[in-house]
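Numbering (the working numbering), first residue to last: 1121 to 1543.
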């Protein structure tokens, strides 16, 4: 029996929020970025472009329309398998009888490979034989696996998706939308295995017993454009040509979905236009640098000395090219007293984007502050205004007392001289 484990994809809540934000955020209009022209011409009947870090839907056309999705169905097949199986487990190929010209990984009944290689056979050549084995070995039957697929879709929050097959051939009740597929691939991209696999031009599947199968990635953009790094193609007569794509450049990642084009050329052309358009509209902004001096506070008992307060770490955020991030400091003391260690938290930096706080960073002491010596304390007391006032009051009072005593002494002498003499 296959050993099951929790993978990184078990971060359901975080991943689902990322996915849902992608679907429900307000569309960014073409005039938002000063450096980017309007959206490119797209002739696919359904398409969407998202920037996941901000949740922006950069472009959409028929994005929520329910459509046949061909082998992009296998994205959910992969997700369920990654949820349930261990990549190092070994599975044996179940019987699979392709109907006509189907995409296959070249597996034979009884072939034994790791789950990782079955997934590579699923995602790169889009092998229906690999999909069948992953479904049966995960859930016991194809029907039971499809149930898991629909449960997972509901858990992610896909509103316009229903699965009837783990393979992706045209079947009634197997459909999704461009927006839902974008949300699905964002969850998958939390897996380093998925990111690495779908960014490969090819792979060698190692069958136990010595046979090796060379498989080619059907996503031609992986070889054509260096910035493209995923994710899954699909094609049937009912769905047309489909591609869920991703691209990264200079730290910015965007995800595109193109459904229902009439040819591979049209699919690739539309996908490249969307991906390039998204990458040119965004940049990575360093809002705060680690060690950057952002404030000062006075050091008690040390006249004129201050302590620099610096950022404890750097903060980088993806933003539109015309967008500025702001920072705000809270909780900064007016004065501190040693001893105090370097790195002690003395405030908080709020990083704000689009009117919302998107990160909080500790504001810390840039150096050690030793305890003040007795001499420094006395010297400080001597410089303080209240000490000077007390000293002035003391001196003034003393002078007044001396004057009063002198006047009293003079008054006594005069009285003696004026008194009558008694003999």
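Virtual Cβ for every residue (Gly too), placed ideally from N, Cα, C.
Just so we're clear, the structure is a prediction, and the values are computed from it rather than from any experiment.
**OP:** Excluding the 5 residues preceding and the 5 following residue 1454 in the sequence, name in chain order all residues of the same chain whose CB lies nearer than 7 Å to its CB.
**Re:** 1417 and 1418
Subject >> Residue from 1433, 1245 and 1160 whose Cα sits closest to the Cα of residue 1319 >> reply: Comparing C-alpha distances from residue 1319 to each of 1433, 1245 and 1160 shows the shortest one belongs to 1245.
Original post:
Quick one: is residue 1165 near chain B, going by C-beta distance under 8 Å?
Top reply: Looking at the structure shown, chain B is missing, and only one protein chain is on hand.
Subject >> DSSP-derived helix/strand/coil call for residue 1223 >> reply: coil
Original post:
On the premise that residue 1268 lies in contact with residue 1249, defined as a C-beta separation below 8 Å, what is that separation, rounded to the nearest angstrom?
Top reply: Actually they are not in contact, since the Cβ atoms of residue 1249 and residue 1268 sit about 20 Å apart, beyond 8 Å.
Subject >> Other residues of its chain near residue 1526: CB distance less than 8 Å, five sequence neighbours each side excluded >> reply: By the criterion of a C-beta distance shorter than 8 Å, residue 1526 is surrounded by no residue of its chain, once the five residues flanking it on both sides are discounted.
Original post:
Is the stretch 1329-1346 in contact with the stretch 1234-1244, if contact means three or more CB pairs nearer than 8 Å?
Top reply: yes
Original post:
Pairing CB atoms from the stretch 1370-1381 with CB atoms from the stretch 1193-1211, are three or more of them under 8 Å?
Top reply: With the rule of 3 Cβ pairs closer than 8 Å, the stretch 1370-1381 does not count as touching the stretch 1193-1211.
Subject >> Separation of residue 1327 from residue 1334, as counted between CA atoms >> reply: 11 Å
Subject >> Nearest candidate by alpha-carbon position, reference residue 1256, set 1277, 1286 and 1232 >> reply: 1286
**OP:** Name the one or two DSSP bridge partners that residue 1471 has.
**Re:** 1447 and 1479
Original post:
Taking the Cβ atom as the reference point for each residue, do residue 1492 and residue 1402 lie within a distance shorter than 8 Å?
Top reply: no
Original post:
Hey, quick one: how far does the alpha helix (DSSP H) through residue 1379 stretch, first residue to last?
Top reply: No alpha helix (DSSP H) contains residue 1379, which is instead part of the beta strand (DSSP E) from 1372-1381.
**OP:** Using only alpha-carbon positions, find the residue among 1165, 1163, 1164 and 1170 that is nearest to residue 1400.
**Re:** 1170
Original post:
Taking all protein chains shown into account, do 16 or more other C-beta atoms lie within 10 angstroms of the C-beta of residue 1161, making it buried, or fewer, making it exposed?
Top reply: exposed
Subject >> Per-residue DSSP class, three states only, for residue 1281 >> reply: coil
**OP:** Inspect the CB distances between the stretch 1438-1458 and the stretch 1383-1399 and report whether three or more fall short of 8 Å.
**Re:** no
Original post:
So, is residue 1297 buried or exposed, given that buried needs 16 or more other C-beta atoms within 10 angstroms?
Top reply: buried
Original post:
If you run the structure through DSSP and keep just helix, strand and coil, what is residue 1297?
Top reply: coil
Original post:
Does the Cβ-Cβ distance between residue 1182 and residue 1159 come in under 8 Å?
Top reply: Against a cut-off of 8 Å, the Cβ pair of residue 1159 and residue 1182 comes out as no contact.
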